[in-house]
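Numbering (the working numbering), first residue to last: 3 to 991. Even glycine gets a Cβ: it sits at the ideal position worked out from N, Cα and C.
Pasting the structure below:
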């Protein structure tokens, strides 16, 4: 029983402990921790800000808050005593009445020889120092004020702390350590009168914001730097003055006393001295900021003498490293270091170092753009650094540097921008900076700047020496454009900056060759178009030159000129692709890609080629869907059928009707042939995309000299060259298209399927001939008359007929006896065409039934049937020589006639059938115009890509374009076939 009671008590205790633990655990998990916000400025005078608890804590007795607010100091008249380990680790004790002042270190009390300041420390007169301890460090009972000897030989003055006499600055020490009138004291220096007027202009012009402000830095340092440079030739002061000129965009005016005008004044005053480094523009003791101001000097500097080094992309003497070096100065004019130009100095964008290093690989066009926070720029660049950029020419112990000229786009002279126009007006300069957050400080140097100035565009441009075979270049030009940013909300403001490296060469010779090629080929195109126009006039039997003739000439010329533009532009693109990207083409650099601005001419030519080719394509499309076509049925009734005459009830023998299904079948096959091409458009697009995007051929269009197909995703990717991209895409599209044409022509059509020849065979088997009028008096004839006399037969007879043909047991299929030629080009007489037009007029049908079930209610009129039979009989009789006045002859075309596409003989009395084994009737189909279609597709693909810089989008739109025009050709070609042949459209599948 006792044991049970004990267990019960223990269980109750464990239960209570468990409940307590659960409740407190819940509280621990649910409690929210908050603290009150306190700031050092919110603490009372007798409190300080405790950085450990982030709250205000009480100072000790006789203590007050320090100037920083983060600690306590003794009140005035109290000295520090008794250090301890508390939050306030000392106590304060009041000084006795006989020693009421506190020593400067705060640990002693002392009498003052004179008055004391607000902090309770002794204060000495000007020119004296305060001495509170003896040489052993013991406090005096009374402090002493010792006068510094300002005259010879001591020339001393109190230091900045007022506790030591030091030799005064050298400019004071000629007579005394005070700068007495009429001398001028500025910047801690003493200047003699008459050296430089004190009326200087410390303003900085922010032209983009249309205002100027008095810069605190310029107010404090401009006059002293200029005077020290002029009077004492102080090197640091001269550099500081030059930096202030650079901060003012190298701008100056004729009558001004701003930084650059003062610099130029001093520069002219030192003209009689020897120049620095044998450079006439570099005056003694001064930084080199300007080249001369002679007209045309810029072109002489950057296009006169080549740099004495060579660049090579390949081989044993490969040299693609651009070695740039910069002399770096701070804003006070102090030289800091020589610094190699890499990604971490002139490039503000925070890209990885290996990407930024690509900027200094010769031949690689580099461009990096980013958005930077103004607040981050202020934090990272409180004071500007200045760079004098040089090109390291090497040379071992005799190392040489080439100064790089700089073009500041913001530079002004008398308020006018001088570096944004022609090169002959440029003022080249030296020295640049990246960010200036100092000159925009208006009141004090510690205040937030009102404006900052950022180098938003830095471009280094290399120009190849014309006709060089040794990879020589002219001195690179550094072009800088600054942006003035008015500070409003620094944390939310951003600025876009760009760093780029470009390469160019003189393109005048290339442009001359291109224009010459265009001129010569354009002239030939005119002659060829005239020849086509003459041929067209012959084929329509019209001797008059009217507006239609002029329009036709322009249409022909549009197509031929489009071919000229296409050949020239593709040839130009291939030239740059081969000679710039080829592994063996450039042992030493001899060609460089055109700049985007220089590619505008080629871009215009490409646009002209596309527009003119589109005109030609639409012209041919309209001609194809309006061609005259008729199917001649040679089938004749094989038996007679009995028919009862309703009026008399007598039986009458009439010929059995000929089946129309053969005509429908041939019409269907012709309809299907209308959009057949010599290539597979879908395969064409997929193959081009495979090479460009999958195999990486698109990398060949990048603006660098490397022909590698695979690029690391982490590596820098240069921008694409328009001319390389066009040359690559166009040549690849044409090559794949030509390979398809060769494959289909040589292999597929011989061993698999030749739809054109099959159609001719189908005509022969169906006993149907096809007559086409591509022009009024010119066209094509497919002789499909069966050698067996009939085609309406059963399977057994059909097989027997084919077997007889195979075994040569019957005549041949040709139009003439013992010939196989079934296709002809035909020049018709005007008389034959007029008779054809008269019959054709009665064949036109409108308002045809739209549903098969309406056929019984909407039979064709007897007149239309009669017209159809009349046309069939007329054309068949013409082929059979039944009309002597409209007879014809058969002959071969001359070679010259085939080449120029024109017939020399005019069909005056007799039509002329020209043997045509090439089946040129396909000229009225897509099949016979593959060259036009291929070039049009190529140009369409390239134009879309050049506009979007996206091969996939170009491929998709090209596919849609092909589908749309195929649909248009099918729709209107089908309608034309129905109208011209009397075939019911419901039977065209």
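Does the region 470 to 478 come within contact of the region 312 to 326, defined as at least 3 CB pairs closer than 8 Å? When Cβ pairs closer than 8 Å are counted between the two stretches, the region 470 to 478 is seen to touch the region 312 to 326, the count reaching three or more.
Determine the burial state of residue 606: buried for a count of at least 16 other Cβ atoms within 10 Å of its Cβ, exposed for fewer. Classification of residue 606: exposed, given that the 10 Å Cβ count is below 16.
What are the partner residues of residue 781, as DSSP defines its beta bridges? DSSP lists 775 and 828 as partners of residue 781.
With a threshold of 7 Å on Cβ separation, who are the neighbours of residue 997 within its own chain once the five nearest residues in sequence on each side are excluded? No answer is possible for residue 997: it lies beyond the span of the chain, which begins at 3 and ends at 991.
From residue 547 to residue 678, what does the alpha carbon distance come to, in whole angstroms? For residue 547 and residue 678, the distance between alpha carbons rounds to 36 Å.
DSSP state of residue 244, grouped into three classes? Helix at residue 244.
From the DSSP output, read off the bridge partner residues of residue 326. DSSP lists 393 as partners of residue 326.
Look at residue 62 and residue 42 and say whether their C-beta atoms are less than 8 Å apart. No; because the gap between Cβ atoms is not below 8 Å, this pair is not in contact.
Classification of residue 765 by the beta-carbon crowding that lies within 10 angstroms, buried from 16 upward: Buried is the call here.
What are the complete alpha helix (DSSP H) segments, minimum 4 residues, inside the region 666 to 719? Within the region 666 to 719, the complete alpha helix (DSSP H) runs of at least 4 residues are 683 to 691.
Determine the contact status of residue 698 and residue 711, defining contact as a CB-CB distance below 8 Å. The Cβ atoms of residue 698 and residue 711 lie closer than 8 Å to each other.
Those residues which DSSP pairs with residue 209 across a bridge: Note: residue 209 sits in no beta bridge, so no partner.
Buried or exposed: which applies to residue 786, given that a residue is buried once 16 or more other Cβ atoms fall within 10 Å of its Cβ? Residue 786 comes out buried.
Quick one: give me the first and last residue of the beta strand (DSSP E) that residue 92 is part of. Secondary structure note for residue 92: it is in no beta strand (DSSP E), with a DSSP letter that is neither H nor E.
Any non-hydrogen atom of the ligand FAD closer than 7 Å to residue 751 Cβ: Absence of the ligand FAD is noted for the structure shown, with no ligands found whatsoever.
How about the region 516 to 526 and the region 886 to 899: do they share at least three Cβ pairs that are nearer than 8 Å? They do not touch, by the three-pair rule.
Indicate whether residue 976 and residue 955 have their beta-carbon atoms separated by less than 8 Å. Contact check for residue 976 against residue 955 fails: the beta carbons are separated by 8 Å or more.
Could you pull the start and end residues of the beta strand (DSSP E) that residue 142 belongs to? According to the DSSP assignment, residue 142 belongs to the beta strand (DSSP E) that extends over 141 to 149.
Extent of the continuous alpha helix (DSSP H) to which residue 966 belongs: That run of the alpha helix (DSSP H) goes 953 to 983.
Decide if residue 111 is buried, meaning its Cβ has at least 16 other Cβ atoms within 10 Å, or exposed. By the 10 Å Cβ count, residue 111 comes out buried.
Where the alpha helix (DSSP H) through residue 937 begins and ends: Counting along the chain, the alpha helix (DSSP H) containing residue 937 begins and ends at 932 to 950.
Might you give, ordered along the chain, the residues of its own chain that have their beta carbon closer than 6 Å to the beta carbon of residue 987, omitting 5 neighbours on each side? 980.
Helix, strand or coil for residue 372 per DSSP? Taken through DSSP and simplified to helix, strand or coil, residue 372 comes out as strand.
Can at least three beta-carbon pairs, one atom from the region 818 to 835 and one from the region 777 to 784, be found at a separation below 8 Å? The region 818 to 835 vs the region 777 to 784: in contact.
Let me know the secondary structure DSSP gives residue 735 once reduced to three states. Under the three-state reduction of DSSP output, residue 735 falls in the helix class.
Residue 721: which of 502, 300, 227 and 235 sits nearest, CA to CA? With distances taken between Cα atoms, residue 721 lies closest to 502.
From this set, 288, 152 and 408, which residue's C-alpha is nearest residue 392's C-alpha? Across the set 288, 152 and 408, the C-alpha of 408 shows the shortest separation from the C-alpha of residue 392.
My output table needs one value for residue 558: the three-state DSSP class, helix, strand or coil. Of the three classes helix, strand and coil, the one that applies to residue 558 here is helix, per DSSP.
Look up residue 925 in the DSSP assignment and say whether it is helix, strand or coil. DSSP, read as helix, strand or coil, puts residue 925 in helix.
In terms of alpha-carbon separation, which member of 117, 333, 352 and 161 lies closest to residue 223? Of the candidates 117, 333, 352 and 161, 333 places its Cα closest to the Cα of residue 223.
Is it true that the CB of residue 426 sits closer than 8 Å to the CB of residue 301? Yes, these two residues count as a Cβ contact at 8 Å.
In the DSSP assignment, find the beta strand (DSSP E) that holds residue 51 and state where it starts and stops. Unbroken beta strand (DSSP E) run through residue 51: 49 to 52.
Those residues which DSSP pairs with residue 891 across a bridge: DSSP lists 914 as partners of residue 891.
Starting from the Cα of residue 255, find the closest Cα among 194, 832 and 203 and give me that residue. Answer by Cα proximity: 203.
Is it true that the CB of residue 58 sits closer than 8 Å to the CB of residue 65? Contact: no.
For residue 666 versus residue 985, is the C-beta spacing smaller than 8 Å? A contact, by the Cβ cut-off of 8 Å.
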